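When the letters of the sequence shown are read in order and numbered with the working numbering, they come out as residues 176 to 228. Just so it is clear, CB atoms sit at the ideal spot from N, CA and C, and this is done for glycine as well. Nothing here was measured: the structure is a model prediction, and the numbers come from that model. Below you'll find the structure, written out as structure tokens, and then a few comments.
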Amino acid sequence: MSPVLFTECDPPMSSNGPPAVKLRSILDLSPFTVTVHTPMEIVVDIFRKLGLR
């Protein structure tokens, strides 16, 4: 199994193992964008799903 990395720095790996799969470049760090035009229903739903109060 290849290790999967989501960070910029690589942890030390053994030379005999499979290469790491680096997904940092395709990871969306901000999946939600809330603007003044976002309906309040959507904003409340986002906060509920995140577990925020």
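Per DSSP, the beta-bridge partners of Leu-180 are Lys-197. Of the residues Ala-195, His-212, Val-209, the one whose Cα lies closest to the Cα of Met-176 is Ala-195. Cα atoms of Asp-185 and Asn-191: separation of roughly 16 Å, rounded to the nearest angstrom.
Separation of Val-219 and Val-209 (C-alpha to C-alpha, rounded to the nearest whole angstrom) is 11 Å. DSSP places Val-209 outside both helix and strand once states are collapsed to three, so it counts as coil.
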